[in-house]
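Just so you know, the sequences run in chain order C and X.
When the first sequence is numbered by this note's numbering, its final residue is 156 and no position is left out of the sequence of numbers.
When the second sequence is numbered by this note's numbering, its final residue is 330 and no position is left out of the sequence of numbers.
Backbone N, C-alpha and C fix where the C-beta goes; we use that ideal spot for every residue, glycine too.
Report on the following structure.
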Amino acid sequence: KAGVTQTPRYLIKTRGQQVTLSCSPISGHRSVSWYQQTPGQGLQFLFEYFSETQRNKGNFPGRFSGRQFSNSRSEMNVSTLELGDSALYLCASSQGRMNTEAFFGQGTRLTVV
Amino acid sequence: EDQVTQSPEALRLQEGESSSLNCSYTVSGLRGLFWYRQDPGKGPEFLFTLYSAGEEKEKERLKATLTKKESFLHITAPKPEDSATYLCAVQAGGGSNYKLTFGKGTLLTVNP
Numbered sequence: 044k045a046g047v048t049q050t051p052r053y054l055i056k057t058r059g060q061q062v063t064l065s066c067s068p069i070s071g072h073r074s075v076s077w078y079q080q081t082p083g084q085g086l087q088f089l090f091e092y093f094s095e096t097q098r099n100k101g102n103f104p105g106r107f108s109g110r111q112f113s114n115s116r117s118e119m120n121v122s123t124l125e126l127g128d129s130a131l132y133l134c135a136s137s138q139g140r141m142n143t144e145a146f147f148g149q150g151t152r153l154t155v156v
Numbered sequence: 219e220d221q222v223t224q225s226p227e228a229l230r231l232q233e234g235e236s237s238s239l240n241c242s243y244t245v246s247g248l249r250g251l252f253w254y255r256q257d258p259g260k261g262p263e264f265l266f267t268l269y270s271a272g273e274e275k276e277k278e279r280l281k282a283t284l285t286k287k288e289s290f291l292h293i294t295a296p297k298p299e300d301s302a303t304y305l306c307a308v309q310a311g312g313g314s315n316y317k318l319t320f321g322k323g324t325l326l327t328v329n330p
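Set out below in structure tokens:
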């Protein structure tokens, strides 16, 4: 059974650009959550998608957005990149919204220069 | 606001030297407490979910326990391959927000 797949694994962007990250959940999983991980703040919740709808959003500016498709795949977008957006972006999938067992992908390492 | 504090921040053990990691939490009603292991450059790997005080779960050399205020991850006779960052997270009960609130983690190093 394939795990959670995130692409790309690494990205280098310039300040002011925008970026789109992709997450393919485990087959049969309908809930996808996104997290940002930095050395200083640890793992912080970005948003949760279920059945193509954003169900919850963390305390991040509106530059961070996402969506989920009918096949449960999800994308997140960050516009007008800032140096502080450099982080490991992690996607987690679970069967339902309860997240009793949330499985993480390998993450996308974003570096903003 | 939900809070999770893990201690110590870093722990060095000799192979075979048992110890415990602590996770203290403040949450408005606990739906679940989760333990993950994270290796450098990888995503967190799910270990355990605990739901109620008094519950215990074991996996190989790891045993997780839960009280009303904290959880412990006991590591018995650790091996070098147990070296990783161990993350604790809570999910609050009530409402429709199922997000996980994570602690900063404990970096465990096991020397041969």
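Item, Value
"The stretch 104-126 of chain C: which residues have C-beta closer than 9 angstroms to a C-beta of chain X, in chain order?", "none"
"Determine, using beta-carbon pairs with one atom in the stretch 308-323 of chain X and one in the stretch 224-244 of chain X, whether at least three such pairs fall under 8 angstroms.", "yes"
"Measuring CB atoms only, is the stretch 269-278 of chain X touching the stretch 220-231 of chain X, in the sense that at least three cross pairs come out at less than 8 angstroms?", "no"
"Going by C-alpha to C-alpha distance, which of Ile55/C, Gln84/C, Arg106/C and Trp77/C sits closest to asparagine 99/C?", "Trp77/C"
"What residue from Gln97/C, Thr63/C, Leu133/C and Gly127/C has the CA that sits closest to valine 47/C's CA?", "Leu133/C"
"Could you list which residues in chain C have their beta carbon closer than 8 angstroms to that of proline 226/X, in chain order?", "Here the premise fails: no neighbours, minimum Cβ distance about 15 angstroms."
"At a cut of 8 angstroms, does the stretch 256-266 of chain X reach the stretch 57-77 of chain C through at least three beta carbon pairs?", "no"
"For a contact meaning CB atoms closer than 7 angstroms, what does glutamine 149/C contact in chain X?", "Lys260 and Gly261"
"Looking at the C-beta of leucine 64/C, does it have a partner C-beta in chain X at a distance below 8 angstroms?", "no"
"Which residues mark the beginning and the end of the beta strand (DSSP E) in which isoleucine 69/C is found?", "No beta strand (DSSP E) holds isoleucine 69/C; DSSP gives it neither H nor E."
"Between asparagine 240/X and chain C, is there a C-beta pair that is closer than 8 angstroms?", "no"
"If we call anything under 8 angstroms between Cβ atoms a contact, is phenylalanine 88/C one with lysine 317/X?", "yes"
"Counting only beta-carbon separations shorter than 8 angstroms, does serine 76/C have a partner in chain X?", "yes"
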